[in-house]
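In what follows, a single structure is set out as structure tokens and then discussed.
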Amino acid sequence: MMGRSTKYLMSMGELKRKDHSLVFRNDKGNTYIPIEGIKEIYCLNEVSLNTKLFQFLSKAGVTVHFFDYHHQYCGTFYPKEQLVSGKLTVMQAQAYMNKRMDIAKAIVQGIAGNIHQVLYHYYKHDRKDLKPFLDWLRKDVPVYLAKDLDSKQVLFIEGEIWRKFYTSFSSFLPADFVMNKRVRRPPDNPMNALVSLGNSILYSKTVSQIYQTHLNQTISFLHEPSESRFSLSLDLCEVFKPIIVFRTIFENVNNRKLQVEKHFERKLNYCLLNKQGKEIFLSSLEERFNSVFQHPVLKRKVSYKTAIKLDAYKLIKLIVENKPFVPFSVKELK
Amino acid sequence: MKVTGTLVNYYFHCKRQCWLHANKINLEDNSEDVRIGKILHELRAEGNKNSEIAIESIKIDKLTPDYLIEHKKSDANIEAAKWQTLFYLKILKDKGIERKGKIQFDEKNKQEKTIIYVDLTEDIEKRLQELEQEIIDYCSSATPSPAILDKKCKRCAYYDYCYI
Ligand code: SF4
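Residue numbers (numbering that gives the first Met the number 0), protein chains in the order written: chain A, 0 to 333; chain B, 0 to 163.
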């Protein structure tokens with residue numbers, strides 16, 4: 000159904016090993032999932048698993064991400080073989096001491112650049128009121144970031160970029176999808192529900208991509224290393240949010256593929272996608288992760304998912320070889 | 000650190016590759032085919048013991064009464080394969096096992112297999128000793144030498160990392 004190597008489990012059920020295959024059993028019966036094709040499993044509902052299954056998944060190198068009822072990320076099961084390099088970990092910690100601000104600023108600059116690219120599309124299609132924000136992103140943000148800043152100040156600039164971005168939605172989205180205010184736990188309106196789920200999936204994908212490198216997931220630069228078990232994922236997923244999560248949301252909303260009346264469940268104090276809404280959104284998100292572009296340096300087709308791993312490589316290169324870190328930018332693809 | 004046959008091979012093939020590998024930044028086995036192959040191999044081997052011979056840090060493809068046989072998938076770097084095999088011969092000799100080396104290049108698309116024979120001499124043993132120290136020194140240096148794009152890079156597991 001969706002991307003070859005990713006399986007989303009959206010209904011309640013039980014996941015088991017059967018010979019050399021996985022079986023997912025729910026009230027509709029058994030679905031067989033051949034293990035060779037699978038790299039990641041997302042459990043977006045109550046799924047029962049046992050240790051025998053975990054041993055099997057570990058052998059096959061499959062990661063499993065768990066989410067709670069509100070689609071918040073809960074945790075990840077990792078296969079045992081992890082790539083570790085003591086030397087790199089030591090150097091990564093040194094980079095935290097010596098180059099933290101350079102990396103944090105590069106990420107924030109990357110967010111501003113990619114938001115600019117995404118919004119420029121609407122500006123070209125006659126949303127001229129976006130102009131002041133676009134100018135601010137292009138001219139002012141780099142000036143702020145060139146100053147001597149501490150981590151709180153860099154985070155403040157980042158916060159401003161997102162806040163202004165959310166406010167800008169009113170100029171190109173239907174009124175019922177306007178965000179007002181970002182509310183996370185639990186999301187209070189349809190837009191917040193989409194952003195929460197989209198960001199959680201992107202975050203877990205980033206965890207999986209970093210897992211394929213030797214970076215230490217706890218040492219982060221923009222976010223405080225204490226923020227989460229995988230705070231480096233918080234860092235590296237940022238520049239991809241506008242391009243992967245928000246572009247997918249905007250397209251689905253503007254093409255009326257996702258509609259407030261049809262695809263959401265509103266309760267007194269929260270709002271979530273319903274089953275159909277989840278299916279639509281997750282499959283278009285997955286499609287975006289797997290879509291490819293011609294990479295200007297590697298001179299071959301690369302998927303957005305791989306682009307996340309390539310950003311991790313760039314970070315290793317900064318850490319090991321002092322090559323300036325410039326995160327993924329949609330602009331350089333053109 | 001411990002010098003392995005793979006490191007000796009890489010040192011001749013590309014020093015940068017040797018440094019990255021020695022510092023455990025190993026990006027091999029990332030491709031989809033390799034991953035699937037590994038999974039199937041793991042599943043089949045469930046319960047069975049591995050049949051490869053491993054002595055200390057070296058894994059030897061095959062040992063006959065006369066030869067240590069090393070298989071290579073391509074003859075792209077004969078020099079590297081030679082020194083790797085010689086390195087193994089030396090380790091065996093130090094253990095009291097004397098053999099000659101036979102390197103077999105089993106290239107998929109080629110009819111004829113190239114076979115190369117190598118043997119230890121006093122000079123070679125001396126060179127191997129120096130080599131080991133050279134590799135240790137190089138791999139302990141702070142950073143690897145920069146990547147120089149070359150035709151060998153096309154097939155290298157570090158390609159993405161080196162050129163990104
Ligand atoms: S890609 Fe080229 S430079 Fe980089 S490690 Fe491989 S052979 Fe060496």
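Note that the Cβ used here is the ideal one computed from N, Cα and C, for glycine as well.
Under the DSSP definition of a beta bridge, which residues are partnered with residue i?
i, result
"glutamine 103 (chain B)", "B:His70 and B:Ile114"
"histidine 20 (chain B)", "For histidine 20 (chain B), which the question treats as bridged, DSSP gives no partner whatsoever."
"isoleucine 22 (chain A)", "It is valine, not isoleucine, that sits at residue 22 (chain A) in the sequence shown. A:Lys15 and A:Tyr31, per the DSSP bridge assignment."
"serine 47 (chain A)", "A:Glu13"
"lysine 300 (chain A)", "A:Gln293"
"cysteine 270 (chain A)", "A:Arg265"
So residue i and residue j are supposed to be a Cβ contact under 8 Å. How far apart are they, rounded?
i, j, result
"serine 328 (chain A)", "glycine 112 (chain A)", "5 Å"
"leucine 257 (chain A)", "isoleucine 243 (chain A)", "Not confirmed; about 16 Å, so no contact."
"isoleucine 160 (chain A)", "isoleucine 106 (chain A)", "Wrong, their Cβ atoms sit about 11 Å apart, outside the cutoff."
"valine 177 (chain A)", "methionine 190 (chain A)", "7 Å"
"leucine 231 (chain A)", "isoleucine 209 (chain A)", "6 Å"
"lysine 300 (chain A)", "phenylalanine 292 (chain A)", "7 Å"
"aspartate 118 (chain B)", "glycine 100 (chain B)", "7 Å"
"phenylalanine 104 (chain B)", "valine 7 (chain B)", "Phenylalanine 104 (chain B) to valine 7 (chain B), Cβ: 17 Å. No contact."
"serine 282 (chain A)", "serine 290 (chain A)", "About 13 Å; that fails the 8 Å criterion."
"valine 61 (chain A)", "isoleucine 40 (chain A)", "6 Å"
"isoleucine 307 (chain A)", "lysine 204 (chain A)", "7 Å"
Is DSSP giving residue i helix, strand or coil here?
i, result
"lysine 61 (chain B)", "strand"
"arginine 154 (chain B)", "helix"
"threonine 75 (chain A)", "strand"
"asparagine 198 (chain A)", "helix"
"threonine 5 (chain A)", "strand"
"glycine 46 (chain B)", "Because the pLDDT of glycine 46 (chain B) is 44, which lies under 50, any placement of that residue in the model is unreliable, and the question is left without a value."
"phenylalanine 53 (chain A)", "helix"
"glutamine 275 (chain A)", "helix"
"glutamate 331 (chain A)", "helix"
"glutamate 31 (chain B)", "Confidence is the limiting factor: at glutamate 31 (chain B) the pLDDT is only 49, short of 50, which leaves the residue's position unreliable, though a coordinate-based value still follows. Glutamate 31 (chain B) falls in the helix class under three-state DSSP."
"valine 238 (chain A)", "coil"
"isoleucine 209 (chain A)", "helix"
"leucine 148 (chain A)", "coil"
"threonine 305 (chain A)", "helix"
"isoleucine 315 (chain A)", "helix"
"valine 89 (chain A)", "helix"
For the beta strand (DSSP E) containing residue i, list its first residue and its last residue.
i, result
"histidine 115 (chain A)", "Looking at the DSSP string, histidine 115 (chain A) is not in any beta strand (DSSP E); the run it does join, the alpha helix (DSSP H), is 99-123."
"valine 177 (chain A)", "Valine 177 (chain A) -> no beta strand (DSSP E), and no H or E assigned at all."
"histidine 64 (chain A)", "62-66"
"isoleucine 40 (chain A)", "39-42"
"tyrosine 87 (chain B)", "First-last for tyrosine 87 (chain B): 77-93, but that is the alpha helix (DSSP H), not the beta strand (DSSP E)."
"phenylalanine 263 (chain A)", "263-265"
"phenylalanine 292 (chain A)", "291-293"
Would you mind reading off the limits of the alpha helix (DSSP H) that contains residue i?
i, result
"valine 7 (chain B)", "4-12"
"glycine 36 (chain A)", "From DSSP, glycine 36 (chain A) is part of no alpha helix (DSSP H); its letter is neither H nor E."
"valine 142 (chain A)", "140-144"
"aspartate 122 (chain B)", "121-139"
"arginine 25 (chain B)", "Per the sequence shown, residue 25 (chain B) should be read as asparagine rather than arginine. Unbroken run through asparagine 25 (chain B): none, as it is neither H nor E."
"glutamate 223 (chain A)", "It is not in any alpha helix (DSSP H) - glutamate 223 (chain A) carries neither H nor E in the DSSP assignment."
"phenylalanine 168 (chain A)", "Neither: phenylalanine 168 (chain A) is in no alpha helix (DSSP H) and is coded neither H nor E."
"leucine 133 (chain A)", "130-134"
Determine the direct distance from the alpha carbon of residue j to that of residue i, and round the result to whole angstroms.
i, j, result
"arginine 126 (chain A)", "valine 117 (chain A)", "13 Å"
"arginine 246 (chain A)", "glutamine 275 (chain A)", "20 Å"
"phenylalanine 155 (chain A)", "tyrosine 9 (chain B)", "47 Å"
"leucine 317 (chain A)", "leucine 214 (chain A)", "12 Å"
"asparagine 47 (chain B)", "methionine 11 (chain A)", "Low local confidence applies: a pLDDT of 44 at asparagine 47 (chain B) is under 50, so the model's placement there is unreliable, and no value is given."
"serine 30 (chain B)", "leucine 67 (chain B)", "Low confidence applies here, because serine 30 (chain B) scores a pLDDT of 49, under 50, leaving its location unreliable; read the following figure in that light. So the two alpha carbons sit approximately 30 Å from each other."
"tyrosine 158 (chain B)", "tyrosine 72 (chain A)", "33 Å"
"alanine 174 (chain A)", "threonine 142 (chain B)", "54 Å"
"cysteine 270 (chain A)", "histidine 69 (chain A)", "9 Å"
"glutamate 286 (chain A)", "isoleucine 248 (chain A)", "13 Å"
"glycine 158 (chain A)", "asparagine 188 (chain A)", "20 Å"
"histidine 64 (chain A)", "methionine 96 (chain A)", "31 Å"
"isoleucine 102 (chain B)", "arginine 154 (chain B)", "21 Å"
"serine 199 (chain A)", "leucine 43 (chain A)", "11 Å"
"leucine 8 (chain A)", "leucine 148 (chain A)", "44 Å"
"serine 50 (chain B)", "leucine 284 (chain A)", "The pLDDT assigned to serine 50 (chain B) is 43, lower than 50, so where the model puts this residue is not dependable; a value taken from the coordinates is nonetheless given after this. Near 45 Å, if we compare the C-alpha coordinates of leucine 284 (chain A) and serine 50 (chain B)."
"lysine 240 (chain A)", "proline 131 (chain A)", "22 Å"
"lysine 1 (chain B)", "lysine 330 (chain A)", "45 Å"
"lysine 27 (chain A)", "serine 84 (chain A)", "45 Å"
"tryptophan 135 (chain A)", "aspartate 310 (chain A)", "26 Å"
"isoleucine 53 (chain A)", "glutamine 108 (chain A)", "Residue identity check: residue 53 (chain A) is phenylalanine in the sequence provided, not isoleucine. Taking the straight line from one Cα to the other gives about 40 Å."
"phenylalanine 168 (chain A)", "aspartate 101 (chain A)", "30 Å"
"lysine 23 (chain B)", "leucine 82 (chain A)", "8 Å"
"phenylalanine 220 (chain A)", "leucine 48 (chain A)", "35 Å"
"threonine 166 (chain A)", "leucine 172 (chain A)", "11 Å"
"asparagine 163 (chain B)", "valine 296 (chain A)", "The sequence given here has isoleucine at residue 163 (chain B), not asparagine. Straight-line Cα distance between these residues: approximately 6 Å."
Under 7 Å: does the beta carbon of residue i sit that close to some heavy atom of the ligand COA?
i, result
"leucine 133 (chain A)", "For the structure depicted, the ligand COA is absent and the ligand set comprises only the ligand SF4."
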